[in-house]
Amino acid sequence: MDEVRDCHGSAGWCPVIRQFRSFDRPSKLLMVNQFTINVGFYMLMPYLAGYLAGPLGLAGWAIGLVLGVRNFSQQGMFLLGGTLADRFGYKPLIVAGCLLRTAGFALLGVVNSLPALIIASAATGFAGALFNPAVRAYLAADAGERRVEAFALFNVFYQGGILLGPLVGLALTTVDFRLTCLVAAAVFAMLTVLQLRALPSHAAETERRTMLGDWRTVVSNRPFLWFALVMVGSNVLSFQVYLALPLQASSQSLVMALFVVSAVVAIAGQLRITAWFRNRWGPGRSIAIGAAVLTSAFLPPLLVPGDAALLVSSALLALGTAVVFPFEMDTIVRLSGNRLVATHYGFYNTIVGVGIMLGNLFAGTVFDLSPTTGWIGLLVIGGVCVLGLVALERSRTFVTVS
């Protein structure tokens, strides 16, 4: 009865509140932390290119270099971050990542020379490589058999941060982008203190191996590697809410609407979607169906071009991602055999990151030919991904247990 009274007037949030309360303190902290991490990150990053081009007056190649360094220092270092998390424990890497991002964002707000901007950008990227695999491995360990539920709720908080961050950043950037940088740095400084004081330590891997030995263990895990390679297609499709859809949007207000639709669908529907698929399908079938939904997102703008079709596409991408994400994260843990989990997450993110880069290069190339060719190209990627997932399901890859 107390829970019912607490939820009175906000029935849409009741499942989220009940689910959140049902987890232990570490999982709760990690979810709230991820929400805050995304608020801090997305209040700054969408406006960084404009700041570099406008007030700082950097050339296009220099802007591309600064943004590219940030992306590479994160995607290229995920494996290192995951390996360090398994060796030294999850908490130290989460704290170190938040502290480094505090310094990186603060530096972005006070420097204006290209070398200093590159250093600041590299710091913010490497920070993500430190805490990202550690957060997911810690959540998986703490949730235990409830991993799928935990990652579904985690995505609600994740998307909530993506929704709120740009709105806060827009308000701050209208005053001064440097203020946005300093506020984002303050957010991560607060997170650093919170992690130190409230997040319980988690034991590191007890077995002593060399770092190369850890990486050989992951690379020799054939089911995991096949899964990671096939899932590149799914992640390329999900990423198109940042690339293909904005490129075809007719206005900035429509771009904002695309992100709002995507976040609202995930926040409002994630828990129900995950529960429905968990009760009716196994992880392999759920991921394959989710990938099919992602693929279908590119049919509306192909068949009926226009702003409305892009909004439908954004909603379908959010729906497909909501189906895939919890089972995807859980499958990585199961395929790892519950050993070197953070290293597996790090290696997975590295493979997917490289795949997204190549997929975006392909998408940009085919959209340069024509929008129709672009949508067909994305449908082809999706079709290959779905076929690969069906093949993995039939080979019983997804029944591997930890």
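So for the sequence shown, the working numbering puts the first residue at 702; every next one is plus one. C-beta atoms are modelled at their ideal positions from N, C-alpha and C, and glycine is treated no differently.
Quick check: what's the CA-CA separation for residue i versus residue j?
i       : j       : result
His709  : Leu944  : Note that His709 scores 46 on pLDDT, short of 50, meaning its location in the model is unreliable and no value can be drawn from it.
Ala1092 : Ser935  : 15 Å
Leu871  : Val956  : 14 Å
Ala824  : Val1005 : 43 Å
Pro924  : Thr737  : 34 Å
Arg722  : Val812  : 43 Å
Thr1073 : Gly1007 : 12 Å
Phe1068 : Asn739  : 29 Å
Arg837  : Gln860  : 15 Å
Arg879  : Leu1088 : 47 Å
Val920  : Leu785  : 17 Å
Ala890  : Leu781  : 23 Å
Val796  : Gly991  : 34 Å
Leu1090 : Met932  : 8 Å
Gly783  : Asn1039 : 14 Å
Ala993  : Val1081 : 11 Å
Trp916  : Ala1010 : 44 Å
Leu768  : Arg847  : 37 Å
Ser774  : Leu794  : 16 Å
Val961  : Ile820  : 32 Å
Ala828  : Phe1048 : 16 Å
Ala844  : Leu1062 : 37 Å
Gly1060 : Arg973  : 31 Å
Gly862  : Met912  : 34 Å
Asn833  : Arg1097 : 29 Å
Arg1095 : Arg802  : 43 Å
Asn772  : Leu864  : 21 Å
Phe742  : Asn922  : 33 Å
Ser954  : Ser963  : 14 Å
Gly1075 : Ser952  : 19 Å
Leu730  : Ala842  : 14 Å
Ala760  : Val869  : 27 Å
Leu818  : Leu1012 : 35 Å
Can you tell me which of the options puts its alpha carbon nearest to the alpha carbon of residue i?
i       : options                          : result
Phe855  : Leu1012, Met732, Asn833, Met912  : Met732
Gly1065 : Asn1039, Leu948, Ala1010         : Leu948
Pro867  : Arg898, Ser1015, Met746          : Met746
Ala1116 : Ser939, Gly1056, Asp843, Gly769  : Here the chain has residues from 702 to 1103 only, and residue 1116 is not among them.
Met1117 : Gly777, Gly755, Met744           : No statement about residue 1117 is possible, as the shown extent of the chain runs from 702 to 1103 and does not include it.
Leu700  : Leu873, Ser1096, Leu1080, Asn734 : Here the chain comprises residues numbered 702 to 1103, so residue 700 is not present and cannot be evaluated.
Ser1014 : Ser1096, Ala950, Gln971          : Ala950
Phe858  : Gly991, Val1024, Ile718, Leu801  : Ile718
Ser814  : Gly758, Arg848, Ser774           : Gly758
Cys1086 : Ala958, Arg802, Gly1056, Leu864  : Gly1056
Arg898  : Arg726, Ser952, Thr803           : Arg726
Val1025 : Phe742, Gly755, Ser954, Phe978   : Phe978
Leu1036 : Thr918, Thr875, Gly914           : Thr918
Ser902  : Gln971, Val937, Ala835, Ile988   : Ala835
Thr875  : Met744, Ser1071, Gly1075         : Met744
Trp927  : Ala817, Gly826, His1045, Leu801  : His1045
Thr1104 : Glu1094, Ser1071, Leu864, Leu749 : One cannot answer for residue 1104 here, as it falls past the ends of the chain, which runs 702 to 1103.
Val1187 : Phe742, Gly755, Ile1077, Val937  : Here the chain comprises residues numbered 702 to 1103, so residue 1187 is not present and cannot be evaluated.
With DSSP collapsed to three states, give me the class of residue i.
i       : result
Trp982  : coil
Thr911  : coil
His903  : coil
Gly790  : coil
Leu1041 : coil
Pro747  : helix
Gly758  : coil
Arg879  : helix
Asn813  : coil
Phe999  : coil
Phe773  : helix
Val1081 : helix
Tyr1049 : helix
Met778  : coil
Leu768  : helix
Pro867  : helix
Gly1021 : helix
Report the CB separation of residue i from residue j in whole angstroms; it is logged as a contact under 8 Å.
i       : j       : result
Thr1051 : Phe789  : With 8 Å as the limit, Thr1051 and Phe789 do not qualify as a contact, their Cβ atoms being about 19 Å apart.
Glu850  : Gln720  : 7 Å
Ser665  : Leu831  : For residue 665 there is no data in the structure shown, the boundaries of the chain being 702 and 1103.
Tyr752  : Ala1043 : So it is not a contact: roughly 33 Å between Cβ atoms.
Leu892  : Cys799  : 5 Å
Ala853  : Pro1027 : 4 Å
Asp787  : Leu1041 : 5 Å
Gly1083 : Thr975  : Contact doesn't hold; Cβ gap of about 21 Å is too wide.
Leu930  : Leu946  : Their Cβ separation, rounded to whole angstroms, is 25 Å, which puts Leu930 and Leu946 out of contact at 8 Å.
Under 6 Å from any heavy atom of the ligand ADP, does the C-beta of residue i make it?
i      : result
Leu808 : Although the ligand ADP was asked about, the structure shown includes no ligands whatsoever.
Inset, instruction - Answer yes if the region 802–819 comes into contact with the region 996–1013, meaning at least three C-beta pairs across the two stretches below 8 Å, and no otherwise. - result: no
Inset, instruction - Indicate whether the contact test is met: 3 or more Cβ pairs, each with one atom in the region 966–977 and one in the region 1015–1022, closer than 8 Å. - result: yes
Legend entry - contact_flag[the region 885–894, the region 757–773] where n(CB pairs < 8 Å) is 3 or more: no
Inset, instruction - Tell me, please, whether the region 1023–1039 touches the region 981–996 by the rule of three or more beta-carbon pairs shorter than 8 Å. - result: yes
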